[in-house]
């Protein structure tokens, strides 16, 4: 009896094993409804909350410091900078523990919904609650005790609130499908949601409109904005949950039963499988360097650069000019990156992109306060980052496929990955909040009428450009060694072979993915035709029309459309 209980796993037999919690996705191939609702629109809920807090929290902190102590209280400003740096370092260390907990949860979860989606829903609601609370009570409402409230929620946000969000974001594409093309497409779609849609709403509207024209003048606007975003996030989170599916987790469950996959592999074996894989190791090095850059820079480096180096302090329109000119390719890039990646390869496109980042960063650092060179530099940097923004992460998905191919272990989100993530988090800790604490320790606080010294503007320039130069060099040197794309046909063929053997071992009938896709398409077409006829009959009955005549019109229109498509082919 006890052995049976031990084998059930977390969430087994609970809420997530109830039919009403099942995914609405039933096809074996990724459907249009799945990628639109589950991977494009649904993720926007938590993206709005997490990215808005990340973009605003450091700016809010500097404003709150100025509001409580005054812009002229240099000693207190320096003290708060040191305090913020300590809190962020402690947060990263605590984040290691949360990351390991996440890995343990996923490794021990057995649910008909998969091993990641249920926890994404649970932690997603926690994230929304934290987002709604974190900016409450600004100004002098609570006195010195306010900092206990703020730092507590800040720690919660960076540990419980966002750690699982990033884990799910980075791994759900890899678990959605085995097909490399579908995997790349889903990664691209989710990055469109992350980069293009949220970038326009958060990156442009927040930085171009909300910050300079509202939040900088009224600190009480921060909680209003986040409460509104948190309310919007709830239905979108549910949409994401119900229109995603972990097909590979389902396959792994079958293969474990058939003896093809290892169940609950020891941590030592997981680490050996990961760290002996060249592709995974290189991708982790690159993401670690990128994580250092992101943790150090925070969300306000560009904002301060435009404000104090390019004249935004006197001309708020400068924020709009910089964003429009340098980011003009972001929207267009969303539609050209995926076709380009299919043509030249994800690796080659990303290396070429970072060459532009390197050139733009060097140019910008040489002429930081000159308008034209700064705009050209920003344009080159943004164009160069497009492959990273939309398609680069697919290589990590392929690396996990390579790990499974060699080791028979599917390890996304498992304890071995959690340990590596914890080590990354420990590396990030000394860099977390480095930019904000740096300008505060230099005695600068962002308040109206306060201008930075030459030392502070030099620090702002260095922070904006130098770390990106280092990251670009790392990518240009290491990424060419990741040639996993050309090996994916062999890898994928073997993984499908294992799945086939697992299905046959259960006494079930195996259907090739291509044939299953054809069957699914025919079934979908049949359901569509049945629904169309039912709707048309109801409309004809309501309006007194002849069904045969109206149906003939539809068939003629359909035939003309199919003829046009045939000519194009």
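Numbering (our numbering), first residue to last: 15 to 583.
Even glycine gets a Cβ: it sits at the ideal position worked out from N, Cα and C.
Only a predicted model underlies this, so the values are computations on that prediction, with no experimental measurement involved.
Apart from sequence neighbours up to five positions away, the residues of its chain that approach residue 534 with a beta-carbon distance below 7 Å are 41, 42 and 43, ordered along the chain.
No residue range can be given for residue 127, since it is assigned to no alpha helix (DSSP H) and is classified by DSSP as neither H nor E. Ranking 308, 283 and 333 by CA distance to the CA of residue 222 puts 333 first. Note on residue 392: 16 or more other CB atoms within 10 angstroms of its CB, so buried under the neighbour-count rule. Counting only runs of 4+ residues, the alpha helix (DSSP H) found wholly inside the region 193-238 occupies 194-205, in chain order.
For residue 402, the uninterrupted alpha helix (DSSP H) segment begins and ends at 400-404. Counting C-beta pairs with one atom in each stretch, the region 423-431 and the region 57-71 have fewer than three that are closer than 8 Å, which means they do not touch.
Inter-residue distance for residue 370 and residue 482 is about 11 Å (C-alpha atoms, whole angstroms). When DSSP states are grouped into helix, strand and coil, residue 155 belongs to the coil group. The C-beta distance from residue 148 to residue 101 rounds to 13 Å, too long to fall under 8 Å, and the pair is not in contact. Going by C-alpha positions, residue 180 is about 16 Å away from residue 105. Along the region 365-434, the alpha helix (DSSP H) occurs as fully enclosed runs of 4 or more residues at 385-398, 400-404 and 408-421, listed in sequence order.
A residue is called buried once 16 or more other Cβ atoms fall within 10 Å of its Cβ, and residue 177 is buried on that count. Ranked by how close their Cα comes to the Cα of residue 32, the residues 126, 55 and 98 have 126 in first place. For residue 191, the three-state secondary structure derived from DSSP is coil.
For residue 24, the beta-bridge partners assigned by DSSP are 123. A contact is defined here as three or more CB-CB pairs under 8 Å, and the region 487-494 fails this definition with respect to the region 307-315. Following the DSSP letters along the chain, one finds residue 484 inside the alpha helix (DSSP H) bounded by residues 468-492. Cβ neighbours of residue 475 within its own chain (closer than 6 Å, five residues either side excluded): 382. Per DSSP, residue 66 is one residue of the alpha helix (DSSP H) stretching across 58-83. Residue state for residue 522 is assigned as coil, using DSSP reduced to three classes. Remark: C-beta atoms of residue 142 and residue 68 do not approach each other more closely than 7 Å. If you check the CB distance, residue 281 and residue 122 do not come in under 7 Å.
Restricting attention to 523, 493, 30 and 540, the CA atom closest to the CA of residue 359 is found in 493. It is roughly 50 Å from the alpha-carbon of residue 38 to the alpha-carbon of residue 459. The beta carbon of residue 109 lies closer than 7 Å to those of 172, 173, 177 and 439 in the same chain, with the five residues before and after it left out. Around the beta carbon of residue 245, fewer than 16 other beta carbons lie within 10 angstroms, which makes this residue exposed. Around residue 451, the same chain offers 95, 98 and 99 as residues with beta carbons nearer than 6 Å, after the five sequence neighbours per side are excluded. Approximately 6 Å separates the beta-carbon atoms of residue 551 and residue 561; this is inside 8 Å, confirming the contact. Residues 327 of the same chain have their beta carbon placed closer than 6 Å to that of residue 321, with the five preceding and five following residues left out of the count.
Around the CB of residue 350, fewer than 16 other CB atoms lie within 10 Å, so the residue is classed as exposed. Contact between residue 441 and residue 302 is confirmed by a C-beta separation of about 6 Å, below the 8 Å threshold. The three-state reading of DSSP puts residue 559 in coil, since its state is none of H, G, I, E or B. Distance check between residue 455 and each of 57, 196 and 79 places 79 closest, using alpha-carbon atoms only. Excluding five sequence positions before and after residue 215, the CB atoms of its chain that fall closer than 8 Å to its own CB belong to 62, given in chain order.
Between residue 477 and residue 372, the alpha-carbon positions lie close to 15 Å from each other.
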